[in-house]
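First residue of the sequence shown? That's 2 in the working numbering, and the numbers climb one at a time after it. Step one of this worksheet: look at the structure below.
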Amino acid sequence: MKLSDIKNIGVAGGGAMGFGIAINFALWGYPTVVFDLNDTILEKSAQRVKKGLDIFITEGLISRKRADETFNRLTFTSDITRLADNDYITEAIVERLTDKQELFNTLDALCPPQTIIASNTSGFVMSDIGKGVKRQDKVVLTHYFSPPHFVPGVEVAKGPGTTDETFNLTYDLLKQVKKIPVRVLKECPGYLLNTIQAALGSVAIRLWAEGVASAEDIDLGVRTSFGFRHPHEGPMMHADLSGAWKRPKDLLAARAKRNVQMPGLSEEARERLYTRLADGRTWFVDPDNIDEIIEIRDREAIRRLKELYWGRVD
2 MKLSDIKNIG
12 VAGGGAMGFG
22 IAINFALWGY
32 PTVVFDLNDT
42 ILEKSAQRVK
52 KGLDIFITEG
62 LISRKRADET
72 FNRLTFTSDI
82 TRLADNDYIT
92 EAIVERLTDK
102 QELFNTLDAL
112 CPPQTIIASN
122 TSGFVMSDIG
132 KGVKRQDKVV
142 LTHYFSPPHF
152 VPGVEVAKGP
162 GTTDETFNLT
172 YDLLKQVKKI
182 PVRVLKECPG
192 YLLNTIQAAL
202 GSVAIRLWAE
212 GVASAEDIDL
222 GVRTSFGFRH
232 PHEGPMMHAD
242 LSGAWKRPKD
252 LLAARAKRNV
262 QMPGLSEEAR
272 ERLYTRLADG
282 RTWFVDPDNI
292 DEIIEIRDRE
302 AIRRLKELYW
312 GRVD
(Lines of atoms letter the chains of each structure in order from A and count residues from 1; the text may use other names and numbers.)
(Lines give C-alpha, C1' and ligand atoms only; values in the text may rest on other atoms or scores of the structure.)
Protein backbone atom coordinates (compact mmCIF):
# COMPACT_ATOMS: atom_id res chain seq x y z
CA MET A 1 0.00 0.00 0.00
CA LYS A 2 1.17 3.52 -0.84
CA LEU A 3 0.42 6.80 0.89
CA SER A 4 -1.92 7.73 -1.95
CA ASP A 5 -3.95 4.57 -1.24
CA ILE A 6 -4.95 5.88 2.19
CA LYS A 7 -8.25 7.67 1.58
CA ASN A 8 -10.30 7.15 4.76
CA ILE A 9 -9.34 7.28 8.42
CA GLY A 10 -10.92 5.69 11.48
CA VAL A 11 -10.49 6.71 15.11
CA ALA A 12 -11.64 4.24 17.76
CA GLY A 13 -12.38 6.17 20.94
CA GLY A 14 -13.94 9.62 21.07
CA GLY A 15 -12.47 10.80 24.36
CA ALA A 16 -9.74 13.24 25.33
CA MET A 17 -7.27 12.01 22.70
CA GLY A 18 -9.56 10.62 20.00
CA PHE A 19 -11.33 13.87 19.19
CA GLY A 20 -8.03 15.69 18.65
CA ILE A 21 -6.57 12.94 16.49
CA ALA A 22 -9.74 13.10 14.40
CA ILE A 23 -9.44 16.88 14.00
CA ASN A 24 -5.91 16.50 12.73
CA PHE A 25 -6.77 14.02 9.99
CA ALA A 26 -9.96 15.82 8.94
CA LEU A 27 -8.21 19.20 8.88
CA TRP A 28 -5.84 17.94 6.21
CA GLY A 29 -8.50 16.47 3.98
CA TYR A 30 -9.18 12.93 5.20
CA PRO A 31 -12.78 11.77 5.75
CA THR A 32 -12.64 10.43 9.30
CA VAL A 33 -14.97 8.15 11.25
CA VAL A 34 -14.95 8.55 15.04
CA PHE A 35 -16.26 5.45 16.81
CA ASP A 36 -17.24 5.08 20.45
CA LEU A 37 -19.74 2.77 22.14
CA ASN A 38 -20.89 5.60 24.40
CA ASP A 39 -23.23 8.09 22.69
CA THR A 40 -22.61 10.68 25.41
CA ILE A 41 -18.88 10.56 24.71
CA LEU A 42 -19.60 10.96 20.99
CA GLU A 43 -21.69 14.06 21.68
CA LYS A 44 -18.92 15.52 23.85
CA SER A 45 -16.40 14.61 21.17
CA ALA A 46 -18.30 16.59 18.54
CA GLN A 47 -18.50 19.54 20.95
CA ARG A 48 -14.77 19.34 21.64
CA VAL A 49 -14.06 19.30 17.91
CA LYS A 50 -16.15 22.44 17.40
CA LYS A 51 -14.44 24.19 20.31
CA GLY A 52 -11.00 23.18 19.07
CA LEU A 53 -11.75 24.49 15.58
CA ASP A 54 -13.18 27.72 17.01
CA ILE A 55 -9.92 28.34 18.87
CA PHE A 56 -8.00 27.72 15.64
CA ILE A 57 -10.19 30.39 14.00
CA THR A 58 -9.85 33.01 16.73
CA GLU A 59 -6.08 32.51 16.82
CA GLY A 60 -5.90 33.08 13.07
CA LEU A 61 -4.76 29.56 12.25
CA ILE A 62 -7.63 28.63 9.92
CA SER A 63 -10.66 30.27 8.32
CA ARG A 64 -14.30 29.59 9.20
CA LYS A 65 -14.63 27.91 5.80
CA ARG A 66 -11.74 25.56 6.57
CA ALA A 67 -13.25 24.77 9.98
CA ASP A 68 -16.64 23.94 8.46
CA GLU A 69 -15.02 21.72 5.82
CA THR A 70 -13.06 19.94 8.54
CA PHE A 71 -16.12 19.27 10.68
CA ASN A 72 -18.09 18.04 7.66
CA ARG A 73 -15.42 15.39 7.00
CA LEU A 74 -16.13 13.83 10.41
CA THR A 75 -18.65 11.08 11.12
CA PHE A 76 -19.47 10.15 14.72
CA THR A 77 -20.87 6.67 15.27
CA SER A 78 -21.45 3.95 17.87
CA ASP A 79 -21.53 1.31 15.12
CA ILE A 80 -18.11 -0.33 14.96
CA THR A 81 -18.79 -1.76 11.51
CA ARG A 82 -18.42 1.81 10.19
CA LEU A 83 -14.68 1.38 10.76
CA ALA A 84 -14.50 -1.53 8.34
CA ASP A 85 -14.01 0.57 5.21
CA ASN A 86 -11.11 2.65 6.51
CA ASP A 87 -7.56 2.31 5.29
CA TYR A 88 -5.93 3.43 8.52
CA ILE A 89 -7.35 3.26 12.06
CA THR A 90 -6.00 4.77 15.27
CA GLU A 91 -7.08 3.25 18.58
CA ALA A 92 -7.46 5.84 21.35
CA ILE A 93 -9.58 4.08 23.97
CA VAL A 94 -9.10 3.77 27.74
CA GLU A 95 -5.65 2.57 28.89
CA ARG A 96 -6.73 -0.95 29.81
CA LEU A 97 -4.84 -3.76 28.12
CA THR A 98 -7.71 -6.25 27.87
CA ASP A 99 -9.96 -3.63 26.24
CA LYS A 100 -7.28 -2.74 23.71
CA GLN A 101 -6.62 -6.39 22.90
CA GLU A 102 -10.33 -7.03 22.39
CA LEU A 103 -10.65 -4.00 20.11
CA PHE A 104 -7.60 -4.96 18.05
CA ASN A 105 -8.91 -8.49 17.57
CA THR A 106 -12.33 -7.14 16.55
CA LEU A 107 -10.81 -4.72 14.04
CA ASP A 108 -8.52 -7.45 12.75
CA ALA A 109 -11.55 -9.59 11.90
CA LEU A 110 -13.61 -6.66 10.62
CA CYS A 111 -11.20 -4.81 8.34
CA PRO A 112 -9.63 -5.80 5.03
CA PRO A 113 -6.08 -7.20 5.30
CA GLN A 114 -4.39 -4.03 4.02
CA THR A 115 -5.82 -1.79 6.78
CA ILE A 116 -3.20 -0.47 9.20
CA ILE A 117 -4.25 -0.46 12.86
CA ALA A 118 -2.36 1.91 15.14
CA SER A 119 -2.51 2.40 18.90
CA ASN A 120 -2.13 5.71 20.71
CA THR A 121 -0.99 4.00 23.92
CA SER A 122 2.15 4.79 25.84
CA GLY A 123 1.30 2.48 28.72
CA PHE A 124 1.56 -0.82 26.84
CA VAL A 125 3.81 -2.28 24.18
CA MET A 126 2.48 -3.43 20.84
CA SER A 127 3.71 -6.98 21.43
CA ASP A 128 1.08 -7.19 24.20
CA ILE A 129 -1.73 -5.19 22.56
CA GLY A 130 -1.53 -7.04 19.26
CA LYS A 131 -0.78 -10.47 20.70
CA GLY A 132 -3.78 -12.23 19.12
CA VAL A 133 -3.90 -10.24 15.89
CA LYS A 134 -3.31 -12.04 12.60
CA ARG A 135 -2.06 -8.93 10.73
CA GLN A 136 1.15 -8.61 12.78
CA ASP A 137 2.71 -6.76 9.86
CA LYS A 138 0.02 -4.05 9.92
CA VAL A 139 -0.01 -2.96 13.58
CA VAL A 140 2.00 0.01 14.81
CA LEU A 141 2.22 2.38 17.75
CA THR A 142 1.57 6.11 17.26
CA HIS A 143 1.69 7.93 20.59
CA TYR A 144 0.24 11.46 20.45
CA PHE A 145 0.66 14.14 23.09
CA SER A 146 -2.16 16.16 24.57
CA PRO A 147 -3.72 18.24 23.12
CA PRO A 148 -3.29 15.99 20.07
CA HIS A 149 -4.88 18.32 17.51
CA PHE A 150 -2.02 20.81 17.76
CA VAL A 151 0.96 19.32 19.63
CA PRO A 152 3.09 18.29 16.64
CA GLY A 153 5.23 15.44 17.98
CA VAL A 154 4.05 11.82 17.65
CA GLU A 155 6.11 8.78 18.63
CA VAL A 156 6.12 5.94 16.10
CA ALA A 157 7.22 2.45 17.15
CA LYS A 158 7.05 -1.05 15.71
CA GLY A 159 5.58 -4.16 17.20
CA PRO A 160 7.53 -7.42 16.84
CA GLY A 161 5.94 -8.16 13.45
CA THR A 162 5.53 -4.64 12.06
CA THR A 163 7.08 -4.35 8.62
CA ASP A 164 9.24 -1.47 7.44
CA GLU A 165 6.54 -0.74 4.88
CA THR A 166 3.89 -0.23 7.58
CA PHE A 167 6.25 1.78 9.78
CA ASN A 168 7.38 4.05 6.94
CA LEU A 169 3.86 4.49 5.59
CA THR A 170 2.63 5.52 9.03
CA TYR A 171 5.56 7.93 9.35
CA ASP A 172 4.74 9.47 5.96
CA LEU A 173 1.02 9.71 6.77
CA LEU A 174 1.76 11.64 9.96
CA LYS A 175 3.97 14.03 8.03
CA GLN A 176 1.18 14.42 5.48
CA VAL A 177 -1.09 15.78 8.24
CA LYS A 178 1.66 18.13 9.50
CA LYS A 179 2.73 16.06 12.48
CA ILE A 180 6.39 15.58 13.39
CA PRO A 181 6.91 11.83 13.80
CA VAL A 182 9.67 10.66 16.15
CA ARG A 183 11.09 7.19 15.51
CA VAL A 184 11.30 4.93 18.56
CA LEU A 185 13.67 2.07 17.76
CA LYS A 186 12.65 -0.50 20.37
CA GLU A 187 9.77 -1.30 22.70
CA CYS A 188 10.15 -0.04 26.26
CA PRO A 189 7.71 0.89 29.05
CA GLY A 190 6.56 4.48 28.57
CA TYR A 191 8.46 4.63 25.29
CA LEU A 192 10.78 7.58 24.70
CA LEU A 193 9.24 10.93 25.54
CA ASN A 194 7.03 10.00 28.48
CA THR A 195 10.12 8.44 30.07
CA ILE A 196 12.03 11.70 29.72
CA GLN A 197 9.03 13.70 30.93
CA ALA A 198 8.55 11.40 33.92
CA ALA A 199 12.18 11.83 34.97
CA LEU A 200 11.78 15.61 34.98
CA GLY A 201 8.47 15.38 36.82
CA SER A 202 9.77 13.08 39.56
CA VAL A 203 12.74 15.35 40.28
CA ALA A 204 10.48 18.42 40.34
CA ILE A 205 8.15 16.75 42.85
CA ARG A 206 11.09 15.68 45.04
CA LEU A 207 12.46 19.24 45.08
CA TRP A 208 9.02 20.56 46.07
CA ALA A 209 8.75 17.95 48.84
CA GLU A 210 12.17 18.99 50.18
CA GLY A 211 11.04 22.61 50.31
CA VAL A 212 13.48 23.84 47.66
CA ALA A 213 10.84 25.87 45.80
CA SER A 214 7.09 26.30 45.48
CA ALA A 215 5.19 24.39 42.81
CA GLU A 216 4.51 27.69 41.02
CA ASP A 217 8.19 28.67 40.94
CA ILE A 218 9.27 25.22 39.81
CA ASP A 219 6.96 25.50 36.81
CA LEU A 220 7.92 29.13 36.19
CA GLY A 221 11.60 28.27 36.28
CA VAL A 222 11.28 25.34 33.89
CA ARG A 223 9.13 27.27 31.40
CA THR A 224 11.37 30.35 31.32
CA SER A 225 14.84 28.75 31.41
CA PHE A 226 15.81 25.50 29.73
CA GLY A 227 12.15 24.91 28.82
CA PHE A 228 12.20 28.15 26.84
CA ARG A 229 15.07 26.73 24.77
CA HIS A 230 13.48 23.35 24.15
CA PRO A 231 11.53 24.28 20.99
CA HIS A 232 14.92 25.09 19.47
CA GLU A 233 17.28 22.56 21.06
CA GLY A 234 16.72 19.29 22.86
CA PRO A 235 19.03 17.84 25.52
CA MET A 236 21.34 16.14 23.03
CA MET A 237 21.84 19.27 20.91
CA HIS A 238 22.31 21.32 24.09
CA ALA A 239 25.17 19.03 25.09
CA ASP A 240 26.71 19.49 21.64
CA LEU A 241 26.34 23.27 21.57
CA SER A 242 27.60 23.69 25.14
CA GLY A 243 30.96 22.28 24.08
CA ALA A 244 31.12 19.63 26.80
CA TRP A 245 32.54 17.18 24.25
CA LYS A 246 35.61 19.45 23.73
CA ARG A 247 36.94 19.03 27.27
CA PRO A 248 40.33 17.39 27.86
CA LYS A 249 40.32 13.61 27.65
CA ASP A 250 40.87 13.09 31.38
CA LEU A 251 37.85 15.28 32.21
CA LEU A 252 35.76 13.51 29.57
CA ALA A 253 36.67 10.16 31.09
CA ALA A 254 35.76 11.37 34.59
CA ARG A 255 32.41 12.71 33.36
CA ALA A 256 31.72 9.46 31.52
CA LYS A 257 32.49 7.46 34.66
CA ARG A 258 29.97 9.55 36.64
CA ASN A 259 27.24 9.31 34.00
CA VAL A 260 27.34 5.54 33.62
CA GLN A 261 26.48 5.13 37.31
CA MET A 262 22.84 5.99 36.59
CA PRO A 263 20.60 3.20 37.93
CA GLY A 264 18.98 0.68 35.65
CA LEU A 265 21.60 0.59 32.91
CA SER A 266 22.63 -2.80 31.60
CA GLU A 267 26.35 -3.54 31.40
CA GLU A 268 26.14 -3.32 27.62
CA ALA A 269 24.50 0.11 27.86
CA ARG A 270 27.07 1.29 30.43
CA GLU A 271 29.94 0.30 28.16
CA ARG A 272 28.31 1.92 25.14
CA LEU A 273 27.65 5.17 27.04
CA TYR A 274 31.13 5.32 28.58
CA THR A 275 32.81 4.83 25.21
CA ARG A 276 30.69 7.53 23.61
CA LEU A 277 31.12 10.11 26.38
CA ALA A 278 34.85 9.53 26.78
CA ASP A 279 35.47 9.71 23.04
CA GLY A 280 35.00 13.47 22.75
CA ARG A 281 32.43 13.53 19.96
CA THR A 282 29.20 15.45 19.50
CA TRP A 283 25.93 13.55 19.59
CA PHE A 284 24.81 14.65 16.13
CA VAL A 285 25.72 18.30 15.47
CA ASP A 286 28.50 18.90 12.92
CA PRO A 287 31.27 20.65 14.92
CA ASP A 288 32.13 22.77 11.88
CA ASN A 289 28.59 24.25 11.85
CA ILE A 290 28.08 24.96 15.55
CA ASP A 291 28.29 28.76 15.27
CA GLU A 292 25.72 28.77 12.47
CA ILE A 293 23.40 26.45 14.40
CA ILE A 294 23.68 28.60 17.53
CA GLU A 295 22.70 31.68 15.53
CA ILE A 296 19.67 29.90 14.04
CA ARG A 297 18.64 28.71 17.52
CA ASP A 298 19.05 32.19 18.98
CA ARG A 299 17.07 33.90 16.23
CA GLU A 300 14.19 31.44 16.65
CA ALA A 301 14.23 31.92 20.43
CA ILE A 302 14.30 35.71 20.11
CA ARG A 303 11.22 35.61 17.88
CA ARG A 304 9.45 33.61 20.60
CA LEU A 305 10.70 36.04 23.26
CA LYS A 306 9.15 38.91 21.33
CA GLU A 307 5.89 37.03 20.78
CA LEU A 308 5.45 35.65 24.30
CA TYR A 309 7.03 38.15 26.67
CA TRP A 310 8.52 41.40 25.39
CA GLY A 311 6.60 42.58 22.36
CA ARG A 312 8.49 45.22 20.39
CA VAL A 313 11.00 47.30 22.34
CA ASP A 314 11.60 50.69 20.69
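Ideal Cβ placement from N, Cα and C applies to all residues, glycine included.
Buried is the label assigned to A279, since at least 16 other Cβ atoms lie within 10 Å of its Cβ. Taking 4 residues as the shortest admissible run, the region 177–216 contains the following complete alpha helix (DSSP H) segments, listed from N- to C-terminal end: 194–210. In the DSSP assignment, S120 forms a beta bridge with E92 and L142.
In chain order, H150 and V178 place their CB closer than 6 Å to the CB of N25, counting only its own chain and leaving out the 5 sequence neighbours on each side.
The beta-carbon separation of G19 and V35, rounded to 6 Å, stays under the 8 Å limit for a contact. Residue pairing from DSSP leaves G21 without any beta-bridge partner. Contact between V134 and F105 holds: their C-beta atoms lie close to 5 Å from each other, under 8 Å. Close CB contacts of A214 within its chain, under the 8 Å cut and outside five residues either way in sequence, are with L208 and G222 (chain order). Residue range L75 to T78 is occupied by the beta strand (DSSP E) that includes L75, with no alpha helix (DSSP H) assigned at that position. Annotation: E272 to K187 spans about 19 Å, alpha carbon to alpha carbon. Boundaries of the alpha helix (DSSP H) around I42: D40 to T59.
When DSSP states are grouped into helix, strand and coil, G154 belongs to the strand group.
Sequence-distant Cβ neighbours of K3 in its own chain, meaning closer than 8 Å and more than five residues away, are L170. Per DSSP, G244 lies in no alpha helix (DSSP H) segment and is marked neither H nor E.
Secondary structure at A85: coil, using DSSP grouped into helix, strand and coil.
When Cβ pairs closer than 8 Å are counted between the two stretches, the region 63–71 is seen not to touch the region 139–148, the count staying below three.
Between the alpha carbons of N87 and G191 lies a gap of roughly 28 Å. If you ignore the 5 residues before and after Y310, its C-beta comes within less than 7 Å of no other C-beta in its own chain. With contacts defined by Cβ atoms closer than 8 Å, Q102 and K132 form a contacting pair. By the Cβ criterion, the region 71–78 is not in contact with the region 115–123, since fewer than three pairs of Cβ atoms, one from each stretch, lie closer than 8 Å.
For T33, the enclosing beta strand (DSSP E) stretches over residues T33 to F36.
Residue nearest to G15 within the set L43, S5 and I294 is L43 (criterion: CA-CA distance). With 16 or more other Cβ atoms from the protein chains shown falling within 10 Å of its own Cβ, D109 counts as buried. Around the Cβ of S123, a 10 Å sphere holds 16 or more other Cβ atoms; the residue is buried. Taking 8 Å as the upper bound for CB-CB distance, D241 and T276 are not in contact here, some 17 Å apart. For G228, the enclosing alpha helix (DSSP H) starts and ends at F227 to R230. Taking the CA atoms as reference points, P264 sits about 37 Å from R136. Comparing alpha carbon positions, the residue from T107, W29 and E269 closest to K180 is W29.
Annotation for I7: no beta strand (DSSP E) segment contains it, and DSSP assigns it neither H nor E.
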